[in-house]
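In terms of UniProt numbering, the sequence shown is numbered consecutively and its last residue is 137.
Positions of the beta carbon are idealized from the N, C-alpha and C atoms, including for glycine.
Since this is a predicted model, take the numbers as computed values, not measurements.
Please read the structure below before turning to the comments.
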Amino acid sequence: MAYDNNEKKMESIYSKRIRAGKRRTYFFDVRATRGNDYYLTITESRKRFNDNGYDRHKIFLYKEDFNKFLKALTEAVDHVKTQLMPDFDFDAYNHDEVEGEDHSDDVNVELSTPVHSAEISVSSPVAAPSSDEVDKW
Numbered sequence: 001m002a003y004d005n006n007e008k009k010m011e012s013i014y015s016k017r018i019r020a021g022k023r024r025t026y027f028f029d030v031r032a033t034r035g036n037d038y039y040l041t042i043t044e045s046r047k048r049f050n051d052n053g054y055d056r057h058k059i060f061l062y063k064e065d066f067n068k069f070l071k072a073l074t075e076a077v078d079h080v081k082t083q084l085m086p087d088f089d090f091d092a093y094n095h096d097e098v099e100g101e102d103h104s105d106d107v108n109v110e111l112s113t114p115v116h117s118a119e120i121s122v123s124s125p126v127a128a129p130s131s132d133e134v135d136k137w
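Here you go:
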């Protein structure tokens, strides 16, 4: 188990990295609490233009909010795709990482201040999926 400043560092049980351009990376990490409960951290890491550091923003998402979060995210993305940009080819961006890309500067760092999950409110005229559809995800 890793320790950082005499505190237990929470290690990921599952991790998924998404490269988004040359300077931005998203991390999806599943972590466990001391009571063997699970939560998700979503981190956006952006390389700074003026130095070699990174700006990081993190969301902590707890199991009781998974369905609400996913529903709101889906509604917001669908609204952009169907109402705001119906002619845009979003599939043009469905490509994997390019072989030979240098990923040596990718870093996933824990923030020392915990952030609590918040409910998300989306107001859009797009019909929301039923709770049965959300539960299938």
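- Proximity of the region 58-65 to the region 30-39 meets the contact definition, three or more beta-carbon pairs being nearer than 8 Å.
- Of Lys81, Ala92, Tyr14, the smallest CA-CA separation from Ile42 is found for Tyr14.
- Leu73 and Arg17 have their C-alpha atoms some 18 Å from each other.
- A Cβ-Cβ distance of about 6 Å is found for the pair Ser12 and Arg31, placing them in contact under the 8 Å criterion.
- Arg34 and Phe90 have their alpha carbons spaced roughly 40 Å apart.
- A straight line joining the alpha-carbon of Arg19 with that of Arg56 spans about 14 Å.
- With respect to Lys47, Arg23 sits close: the two C-beta atoms are nearer than 7 Å.
- Annotation: Val77 to Phe27 spans about 19 Å, alpha carbon to alpha carbon.
- Within the model, the alpha-carbon separation for Lys81 versus Leu70 is close to 16 Å.
- Apart from the 5 residues on each side of it in sequence, Asp29 sits with its Cβ closer than 6 Å to the Cβ of Ser12, Ser15, Thr41 in its chain, given in chain order.
- Here the alpha carbons of Pro86 and Glu75 stand approximately 14 Å from one another.
- For Phe60, the uninterrupted beta strand (DSSP E) segment begins and ends at 54-62.
- Collapsing the DSSP output to three states places Ala32 in a strand.
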